[in-house]
Ligand code: SF4
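Numbering (my numbering), first residue to last: 3 to 191.
This is the structure we're talking about:
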């Protein structure tokens, strides 16, 4: 069903040009996968039919930075890899956004060593952090939707105080916590 089915085609719409530009950009985000470790497997799963990132218009993964506007850093970044990541980011089109996917990309994770970057936000302007080790595909999709909400607000009036409107983003657990163990007693009571 297209828009024509829900509204008469001889109607007139008025809107801001910026709103139309934002709508076009948020509906066709082209990610640049910078996957260096196990988070990359979840990144791949996100684009497969089970999770279907295509529903959000962001399934066109490009392996050329000149055709991408969303860098997804998925995995730990070694100091040797850092210049490569920087170069690819600099070659991407403007405007561009960055998702830091997983604990390793955001903080170095368990790899607290001299050879691993302890958070890519020291070197890239990260817009959205997706927590987890690894994050599930649903969480990455939520991260992409958060990017879309950021694009929606781009260059449009803010809350009047010059601040970006909060995203109201919260991930609730989708399971019931198991009952906790009963009190442990030691020795004879
Ligand atoms: S956050 Fe976990 S799953 Fe992701 S790259 Fe690091 S160790 Fe692997």
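Just so it is clear, CB atoms sit at the ideal spot from N, CA and C, and this is done for glycine as well.
With 16 other Cβ atoms within 10 Å as the buried cut-off, status of residue i
i, result
"residue 33", "buried"
"residue 71", "buried"
"residue 48", "buried"
"residue 200", "Look at the range of the chain in this structure, 3 to 191, and you will see that residue 200 is not part of it."
"residue 145", "buried"
"residue 116", "exposed"
"residue 22", "exposed"
"residue 65", "exposed"
"residue 95", "exposed"
"residue 2", "Residue coverage of the chain in this structure runs from 3 to 191, which leaves residue 2 outside it and unanswerable."
"residue 11", "exposed"
"residue 17", "exposed"
"residue 177", "exposed"
"residue 130", "buried"
"residue 112", "exposed"
Residue i and residue j closer than 8 Å at C-beta
i, j, result
"residue 137", "residue 103", "yes"
"residue 107", "residue 118", "no"
"residue 93", "residue 67", "yes"
"residue 153", "residue 24", "yes"
"residue 134", "residue 105", "yes"
"residue 109", "residue 124", "no"
8 Å contact criterion, which residue i and residue j should meet: CB distance rounded
i, j, result
"residue 55", "residue 143", "6 Å"
"residue 20", "residue 158", "6 Å"
C-beta neighbour in chain B for residue i, strict 8 Å
i, result
"residue 34", "Absent from the structure: chain B. Only one protein chain is present."
Element boundaries [alpha helix (DSSP H), containing residue i]
i, result
"residue 87", "84-93"
"residue 147", "139-154"
"residue 47", "41-49"
Limits of the beta strand (DSSP E) - the one that residue i falls within
i, result
"residue 102", "99-103"
"residue 75", "72-76"
"residue 21", "Taken as a continuous stretch (DSSP letters only), residue 21 belongs to no beta strand (DSSP E), being part of the alpha helix (DSSP H) at 19-28."
"residue 33", "33-37"
"residue 131", "130-132"
**Asked** Counting Cβ pairs, one atom from each stretch, are 3 or more of them under 8 Å apart for the stretch 37-47 and the stretch 73-86?
**Response** yes
**Message:** So, does the stretch 51-60 touch the stretch 86-94, judging by three or more C-beta pairs under 8 Å?
**Reply:** no
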